[in-house]
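Here is the structure we will look at.
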Amino acid sequence: MDRRQLMAGTVAMAVAPAVSRAQAPATAPAWVKLPTEPYRGKQDDVVFVDAMTGWYGNGLGRLFRTTDGGQTWTKQLDRPGTFVRALGFVDAQLGFLGNIGPDYFPGVTDTTPLYRTRDGGASWEPITIAGPAVTGICAIDIHKAAFINAGVLDHRITVRAGGRVGGPALLATSRDGGETWTSEDLSALTAMILDIHFVDERIGFIAGATDTSVEQSRAVILRTADGGRSWSRVYEGQRPFELTWKMSFPTEATGYVTVQSYNPDPTVSQRVFAKTTDGGLTWAEMPLVDNAAARAFGVGFVDEQHGWIGAMPHGFETRDGGATWTPATMGLAVNKVRVVPTATGKAVFAIGVELHRLDLES
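In this text, residue positions in the sequence shown follow the numbering used here: the first is 2, and each later residue adds one.
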């Protein structure tokens with residue numbers, strides 16, 4: 002439970018003679034569970050293009066869309082055998098869906114790793130990717146860069162999709178807004194691609210692992226400074242049974258990455274995350290919790306100090322840049338945390354077993 006409620010009201014003296022009035026205490030913003038279709042297990046992604054319009058998917062091959070900020074949802078896709086692992090939308094019409102692919106989770110038979118919609122999710126088409134065969138997708142990153150095009154402000158849209166958990170490590174890239182795609186094998190640097198994030202056109206990061214075998218795996222972060230044309234390791238953990246999972250960069254300089262541990266030894270109980278304050282050139286491990294049962298998943302920050310890590314058996318919140326953490330009632334096994342601007346502040350969406358929303362005023 003998140004016990005840090007802010008008591009904004011104090012006893013105030015009224016102007017009227019000899020009368021004291023106690024103001025009602027103001028409560029801190031609270032996570033609100035949104036109505037979604039029941040699902041057994043962890044749901045992996047939710048994405049919004051504005052405060053009202055968004056999508057989420059699950060491992061049953063189902064995709065849902067909202068136009069009212071998550072209060073109601075319409076099913077757009079029901080494709081058994083597809084596992085909706087990652088989502089990315091350029092705008093309310095153009096989007097991409099990543100499928101985990103077969104031979105990893107039971108019941109997944111769809112061999113198409115990546116789909117595209119041009120009508121807001123009403124219909125989906127498979128994407129052809131030139132290069133080494135992509136088995137499955139765990140992450141999609143969309144980067145928009147403003148430029149002047151014949152005297153008009155325009156945007157270059159680069160879309161990247163990578164996977165997968167258990168390997169192999171393939172990265173697919175489109176530099177023309179998702180029209181054409183090429184892939185490359187990054188297995189020499191990471192055995193898996195679990196998340197992708199670019200802070201600008203040149204600098205980007207990949208979360209991964211050193212080995213496809215979890216018993217041998219150590220956590221890895223890759224960095225590029227040339228738009229993904231070359232990559233290098235900037236962080237490598239020293240413990241087996243670990244991998245990096247999800248990333249959040251509230252600024253170009255400051256970033257956070259969750260580190261998952263699957264170590265069966267109950268005496269290895271310290272759980273950590275990785276943080277950078279120099280644009281990802283160097284990373285420092287910081288303690289999350291001393292609990293062998295804890296497993297971290299998603300991460301999201303609204304600024305350099307305030308953020309959350311989704312985990313089992315509960316989530317965590319920090320207000321001091323990860324120096325300290327307290328339990329957060331954001332749902333179980335939150336795999337993705339999305340921060341979306343609103344008219345009055347920011348909305349934070351957290352998806353795992355359930356979907357929750359937190360509204361923050363500026």
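All C-beta atoms in this analysis are idealised placements derived from N, C-alpha and C, irrespective of residue type, glycine included. As the structure is a computational prediction, the values presented were derived from the model and not from experiment.
- Two segments are said to touch when three or more pairs of C-beta atoms, one from each, lie closer than 8 Å; by this definition the stretch 147-157 does not touch the stretch 183-192.
- Residue 57 has 47, 65 as its beta-bridge partners, per DSSP.
- Proximity to residue 94 across 225, 109, 123 peaks at 123, based on C-alpha coordinates.
- Around the CB of residue 291, fewer than 16 other CB atoms lie within 10 Å, so the residue is classed as exposed.
- By the beta-carbon neighbour count (other beta carbons within 10 angstroms, threshold 16), residue 216 is exposed.
- Of the residues 57, 92, 120, 132, the one whose Cα lies closest to the Cα of residue 99 is 57.
- For the 8 Å CB-CB criterion, residue 174 and residue 182 form a contact.
- Per DSSP, the unbroken beta strand (DSSP E) holding residue 236 starts and ends at 233-237.
- Around the beta-carbon of residue 127, fewer than 16 other beta-carbon atoms lie within 10 Å, marking it exposed.
- The C-beta distance from residue 117 to residue 179 rounds to 6 Å, short enough to meet the 8 Å contact threshold.
- Proximity to residue 297 across 288, 72, 84, 266 peaks at 288, based on C-alpha coordinates.
- The C-beta distance from residue 60 to residue 84 rounds to 5 Å, short enough to meet the 8 Å contact threshold.
- The residue among 320, 44, 358, 261 with its C-alpha nearest the C-alpha of residue 293 is 261.
- Cα atoms of residue 63 and residue 242: separation of roughly 31 Å, rounded to the nearest angstrom.
- CA-CA distance, residue 77 to residue 47, rounds to 14 Å.
- For residue 307, no beta strand (DSSP E) encloses it, and the DSSP letter there is neither H nor E.
- Distance from the Cα of residue 363 is smallest, within the candidate group 72, 350, 343, for 343.
- A residue is called buried when at least 16 other Cβ atoms come within 10 angstroms of its Cβ; residue 33 does not meet this threshold and is exposed.
- Residue environment analysis places residue 38 among the exposed positions, since fewer than 16 neighbouring C-beta atoms fall within 10 angstroms of its C-beta.
- The C-beta distance from residue 209 to residue 170 rounds to 6 Å, short enough to meet the 8 Å contact threshold.
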